[in-house]
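full-length UniProt numbering numbers the first residue of the sequence shown as 1 and each following residue consecutively. Virtual Cβ for every residue (Gly too), placed ideally from N, Cα, C. Reading through the structure tokens given below for one structure.
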Amino acid sequence: MTSNSNLQILSVGIVSFLTGYYVSQYLKCSNRRKLKQKKPPIAPGSSSSDASTESSYESDSDESDDGIDVDSTDLNTVPGEVRMTLIVRQDLKMGKGKAAAQCSHATLALYKKITNPNSPAYNPEMVRRWEYGNGQAKITLQVPDQEGMDMLYAQAISLGINAYIVHDAGRTQIAAGSATVLGLGPAPKSIIDQITSELKLY
Numbered sequence: 001m002t003s004n005s006n007l008q009i010l011s012v013g014i015v016s017f018l019t020g021y022y023v024s025q026y027l028k029c030s031n032r033r034k035l036k037q038k039k040p041p042i043a044p045g046s047s048s049s050d051a052s053t054e055s056s057y058e059s060d061s062d063e064s065d066d067g068i069d070v071d072s073t074d075l076n077t078v079p080g081e082v083r084m085t086l087i088v089r090q091d092l093k094m095g096k097g098k099a100a101a102q103c104s105h106a107t108l109a110l111y112k113k114i115t116n117p118n119s120p121a122y123n124p125e126m127v128r129r130w131e132y133g134n135g136q137a138k139i140t141l142q143v144p145d146q147e148g149m150d151m152l153y154a155q156a157i158s159l160g161i162n163a164y165i166v167h168d169a170g171r172t173q174i175a176a177g178s179a180t181v182l183g184l185g186p187a188p189k190s191i192i193d194q195i196t197s198e199l200k201l202y
């Protein structure tokens, strides 16, 4: 096979993966919208104003989509620093506080995946290296748009790196469902660098 044939096969594979991923996201969003239209009954002794006050304190991230859980145990043999990488979309022009909140959502989601014994992503050895080996290192990078983010996501999954895309709930600044931050890891820096080395710091 020529290198052009290999490139075409890789391109078709990535496009197929992303198409399937976004179709599933669309279907999940549709189901969530239907559920949100059915308002829960107000508890006895509380008013509708109490309920609206409560909802104003909700998270600004839609965390119902856990993405794909990846078994990263093969990466345990890779030596060196372990880090988490947070990649912020630039075309959304989020404020610094908004971006910080979205990065926090990504960090927590990745941590929950890798520390959950019932998840294929469970990897206590990688967590130990990240927590105690180098102080839970994190780096924040930037990506120009969603297309670039999707490519990084697909590459991370193919390398066995856990990945999570935060989708905003749309309560502040940006449209509901917008993909804001891509979180990667914790994983060896040398493996993450294979897909992020060209990105600029955020």
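Grab the span of the beta strand (DSSP E) containing residue i for me, first residue to last.
i      : result
Thr85  : 82 to 89
Val166 : 163 to 168
Leu141 : 138 to 143
Is residue i near the ligand SAM, in the sense that its beta carbon is under 7 Å from a heavy atom of that ligand?
i     : result
Asp69 : Only the bare structure without any ligand can be found here, which leaves the ligand SAM out of the picture.
Is the beta carbon of residue i less than 8 Å from the beta carbon of residue j?
i      : j      : result
Asp71  : Ala121 : yes
Val82  : Lys189 : yes
Met94  : Gln155 : no
Lys113 : Asp168 : no
Glu147 : Asn76  : no
Gln142 : Gln90  : yes
Val115 : Lys138 : The residue you asked about is not Val; residue 115 is Thr in the sequence shown. No; because the gap between Cβ atoms is not below 8 Å, this pair is not in contact.
Leu110 : Tyr153 : no
Val78  : Ile192 : no
Gly170 : Ala176 : yes
Just curious, the alpha helix (DSSP H) that residue i is in, first and last residue?
i      : result
Ala187 : It is not in any alpha helix (DSSP H) - Ala187 instead sits in the beta strand (DSSP E) that spans 179 to 188.
Val127 : 124 to 128
Per DSSP, residue i forms a beta bridge with which residues?
i      : result
Leu152 : The partner list for Leu152 (beta bridge, DSSP) is empty, contrary to what the question assumes.
Lys112 : None, per the DSSP bridge assignment.
Thr107 : None; Thr107 has no bridge partner.
Leu159 : Answer is none; Leu159 lacks a bridge partner.
Leu92  : In the DSSP output, where bridge partners are listed per residue, Leu92 has none listed.
Leu201 : Leu141
Is there a Cβ from chain E that is less than 8 Å from the Cβ of residue i?
i      : result
Thr140 : No chain E is part of this structure, which consists of one protein chain only.
* If you pair each beta-carbon of the stretch 151 to 160 with each one of the stretch 102 to 110, do three or more pairs fall below 8 Å? -> no
* **Inter-stretch contact at 8 Å, needing at least 3 Cβ pairs: the stretch 76 to 91 / the stretch 175 to 191** => yes
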